[in-house]
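Below is one structure, written out as structure tokens; comments come after it.
Numbering (the numbering used here), first residue to last: 23 to 172.
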């Protein structure tokens, strides 16, 4: 019985997501329920709820909502900027210590030459307690950041 209930719930959620997509595709000029809710097996109340929710969001497609902050600008320290180029939250800059970290994201074992390319800020994930070189077993202090010109 549980399998049947989960299946019908899944089908209902799929139908609602499909109708949501249809409503979004209908565009911003819609004023009444988008066709298709009956075919998907939805009742009028559910279709109306979805339509009203999408109307309140401006009938934006999921991709628009996901990427709406894509044009946000950041400075070289990764702090968010306003449209005029000023810091959005100046207190973040005051609280942030000067970067005295490695000059590169490339770390090379000074014993065997094993090289690791680590995303900036993720060093602690790779060089945790007890880290040793996967090739020769050298300790983590044998993994200096490589100079950028190498």
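In this text, a Cβ means the ideal position worked out from N, Cα and C, and glycines have one as well.
So what does DSSP say about residue 52, is it helix, strand or coil?
coil
Give me the Cα-Cα distance between residue 37 and residue 49, rounded to the nearest whole angstrom.
19 Å
Take the Cβ of residue 39 as the centre, count every other Cβ of all protein chains shown within 10 Å, and call the residue buried at 16 or more, exposed below.
exposed
Length of the line joining the Cα atoms of residue 75 and residue 105:
30 Å
Using only the alpha-carbon positions, how far apart do residue 57 and residue 44 sit?
About 8 Å.
Less than 8 Å separating the beta-carbons of residue 148 and residue 138?
Yes, the Cβ-Cβ distance between residue 148 and residue 138 is below 8 Å.
So, does the stretch 127–142 touch the stretch 154–168, judging by three or more C-beta pairs under 8 Å?
yes
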